[in-house]
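Chemist:
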Amino acid sequence: MRLGLLPKAGRVVSIALLLIGAAYAGQNAVKSYLREVAPKAAYSVDPSDGLAAVNAFTAELTKNPQFIISSRDADAARVSLVSRPLNASLLSLYGLRAASTGQSGLASALMASADAASRRDPFSQLWMIEQKSGADDVKGAVSHYNALLSVHPAMHATLLPVLVSAAVYPEVRSSIRPYLNPDVRWTASFLDLASQRVEVDQYLDLVGPLASRLRGDGYSVSNARIIHRMLQSGLNSDAWKLFSRVAPDVDVAAFRAFAPGGANLDPKWQSLSWVLSQSDDISASVSGDGAIDVTVAPTARGLIASRDVAVISSSTYVLGHRSMYEPGSPRASLRWSVYCAAQKGPQLIVDRFVPAAANTKLVQLSVGVPKNCNLVRVELSALGSEGQLSSMVKITDLTLAKTN
Numbered sequence: 007m008r009l010g011l012l013p014k015a016g017r018v019v020s021i022a023l024l025l026i027g028a029a030y031a032g033q034n035a036v037k038s039y040l041r042e043v044a045p046k047a048a049y050s051v052d053p054s055d056g057l058a059a060v061n062a063f064t065a066e067l068t069k070n071p072q073f074i075i076s077s078r079d080a081d082a083a084r085v086s087l088v089s090r091p092l093n094a095s096l097l098s099l100y101g102l103r104a105a106s107t108g109q110s111g112l113a114s115a116l117m118a119s120a121d122a123a124s125r126r127d128p129f130s131q132l133w134m135i136e137q138k139s140g141a142d143d144v145k146g147a148v149s150h151y152n153a154l155l156s157v158h159p160a161m162h163a164t165l166l167p168v169l170v171s172a173a174v175y176p177e178v179r180s181s182i183r184p185y186l187n188p189d190v191r192w193t194a195s196f197l198d199l200a201s202q203r204v205e206v207d208q209y210l211d212l213v214g215p216l217a218s219r220l221r222g223d224g225y226s227v228s229n230a231r232i233i234h235r236m237l238q239s240g241l242n243s244d245a246w247k248l249f250s251r252v253a254p255d256v257d258v259a260a261f262r263a264f265a266p267g268g269a270n271l272d273p274k275w276q277s278l279s280w281v282l283s284q285s286d287d288i289s290a291s292v293s294g295d296g297a298i299d300v301t302v303a304p305t306a307r308g309l310i311a312s313r314d315v316a317v318i319s320s321s322t323y324v325l326g327h328r329s330m331y332e333p334g335s336p337r338a339s340l341r342w343s344v345y346c347a348a349q350k351g352p353q354l355i356v357d358r359f360v361p362a363a364a365n366t367k368l369v370q371l372s373v374g375v376p377k378n379c380n381l382v383r384v385e386l387s388a389l390g391s392e393g394q395l396s397s398m399v400k401i402t403d404l405t406l407a408k409t410n
């Protein structure tokens, strides 16, 4: 059974040439200036110079991704291996040559030797991924992915999507799980992509047993994204359980409270927290009592604040607030908009202006949450008054409460 652990481009020989050729030459430290600036000349002078041979071969790969070393080059590689028997790069290049001439047994032996000599060589690691995948050795294939991704970050863009797509299989998820910790360089990038593409239940299965490891800043984007997706799917209980495990220092009840304050102002939770405008035309800040202090420049138009909030579908909520202007301040036009934050895009539910005469009065708007809507986006926007003075207003008593 193939579990999707191989890149789609085909055999690993072609993949290695296409992916690694242009980037690989600069990764080997060389002591000889000639090897560095003129590897072909260095190789011609001394074909047994293994470092020059590697640089010469990879220089060819830079120009021609389909390059395979010739029989003469293979002979030179064999000679150089006498003096450098543990040169993984030469072993793998010689292995590619053997594969191109149909010597599959020799190719496999050389690649295995290269892998044993060093797991830093990308050619042999790609080869081993193919071998392990072909044998349905999922753990082995993932271990070679780990070797590649840990040493060659330039390959993340190509290989991480392959690994993410394979996470549909439970065997792959269980094999990836041991690498999901802050000490492994590629896992934050992997989870960032997985939180976008993997089905919610599969992602939860992947990280659930070890969510307490994923508390660092490197995981904040993926944590916020997957919790947001879970809430969209109506998995409220599971979402807040995961939240409490990745953020044990945050009071979940305080975070879920509608009024702004404390944790629900932390930008790492993205739209699940309050997002406040900080522009020259419209600026908003939160005072200690959960109120929003707002300054709106004349004729300015735009968002004051917004937040995504978990709700119960097919229910009715009341959105409430007071707007209290400073003495002598002109009135801005305030507007509440509520959308269903659906996976297919926002769907407008409520769009209402606040009457200018409502200063200090409690304003309440009914919000009918439609069927299959589990998350709403609440937005408060403003249109500045005509004239030369800015509007200064405090938004207080913010509530979003279910009535049925």
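Using my numbering, the first residue of the sequence shown is number 7, and each one after it goes up by one.
No residue lacks a Cβ here, since even glycine has one placed at the ideal position from N, Cα and C.
All figures in this text were calculated on a predicted structure; none of them were measured in a lab.
1. Do the segment 333-347 and the segment 374-394 touch if we need at least three Cβ pairs shorter than 8 Å?
2. Near V281, which residues of its chain fall below 6 Å by C-beta distance, leaving aside the five closest residues on each side in sequence?
3. Rounded to whole angstroms, how far is the Cβ of P304 from the Cβ of L212, which I believe are closer than 8 Å?
4. Please list, in chain order, all residues of the same chain as Q353 whose beta carbon is under 8 Å from its beta carbon, the five residues on each side excluded.
5. Report the three-state DSSP secondary structure of E177 (helix, strand or coil).
6. Residues in the same chain with beta-carbon distance under 7 Å from K37, minus the five sequence neighbours each way, listed in chain order, please.
7. So for D287, helix, strand or coil by DSSP?
8. Tell me, which residues are paired with Y331 by DSSP?
9. Do the segment 290-308 and the segment 358-376 touch if we need at least three Cβ pairs shorter than 8 Å?
10. Can you round the beta-carbon distance between G308 and D287 to whole angstroms, since I take them to be within the 8 Å contact cut?
11. Just to confirm my understanding: we take S250, look at its own chain, exclude 5 residues before and 5 after, and list those with CB closer than 6 Å. What are they?
12. As a quick exercise: from D127, Q131 and Q137, pick the residue whose alpha carbon is nearest that of G111.
13. Are there 16 or more other CB atoms within 10 angstroms of the CB of S320, so buried, or fewer, so exposed?
14. Are the Cβ atoms of L404 and A297 separated by less than 9 Å?
15. Note the first and the last residue of the continuous alpha helix (DSSP H) segment covering A217.
16. Using three-state DSSP, classify R337 as helix, strand or coil.
17. Can you tell me whether S201 is helix, strand or coil according to DSSP?
18. Within a Cβ cutoff of 8 Å, which residues of the same chain sit near K350, ignoring the five residues on either side of it in sequence?
19. Beta carbon of P188, beta carbon of R219: below 9 Å?
20. Quick one: measure Cβ to Cβ for P159 and R183, integer angstroms, because I've assumed they're closer than 8 Å.
21. Grouping DSSP H, G and I as helix and E and B as strand, with all else coil, what is K247?
22. Taking all protein chains shown into account, do 16 or more other C-beta atoms lie within 10 angstroms of the C-beta of A260, making it buried, or fewer, making it exposed?
23. Checking 9 Å against the spacing of the C-beta atoms, do R2 and S277 come in under that value?
24. Please list the terminal residues of the continuous beta strand (DSSP E) segment that includes F359.
25. Checking the sheet assignment: what are the DSSP bridge partners for Y225?
26. Run through the DSSP bridge pairs and tell me what L406 is partnered with.
27. Any idea which residues DSSP pairs S387 with across the strands?
28. Specify the secondary structure class of G393 as computed by DSSP and reduced to three states.
29. How big is the Cα-Cα spacing for P91 and L132?
30. Among the residues of its own chain, which have a CB less than 7 Å from the CB of Y185, if the five just before and after it don't count?
Modeler: Taking the structure as given:
1. yes
2. So the qualifying residues of the chain are S312.
3. The Cβ separation is near 52 Å, so there is no contact.
4. Y345, C346, P376 and C379
5. helix
6. At K37, the pLDDT of 34 sits below 50, so the modelled position is not reliable; the number obtained from the coordinates is stated separately. Around K37: no qualifying Cβ.
7. Coil at D287, not helix or strand.
8. V399
9. Judged by Cβ distances under 8 Å, the segment 290-308 makes no contact with the segment 358-376, as fewer than three pairs qualify.
10. With a Cβ gap of about 6 Å, G308 and D287 count as contacting.
11. V258
12. Q137
13. exposed
14. In terms of Cβ geometry, L404 and A297 form a close pair [threshold 9 Å].
15. Premise fails: A217 is in no alpha helix (DSSP H) and is neither H nor E.
16. coil
17. helix
18. none
19. The answer is yes: Cβ separation under 9 Å.
20. Going by Cβ atoms, the distance from P159 to R183 rounds to 21 Å, so no, they are not a contact pair.
21. The answer is helix: DSSP assigns K247 an H, G or I state.
22. exposed
23. The first residue shown for the chain is 7 and the last is 410, placing residue 2 beyond what the model contains.
24. Element bounds for F359: G351 to V360.
25. Residue pairing of Y225 in beta bridges, as defined by DSSP: absent, with no partner found.
26. L325
27. L309 and R341.
28. coil
29. Unreliable positioning characterises P91 in this predicted model, as indicated by a pLDDT of 46, which lies under 50. A coordinate reading is not provided.
30. N152 and T193
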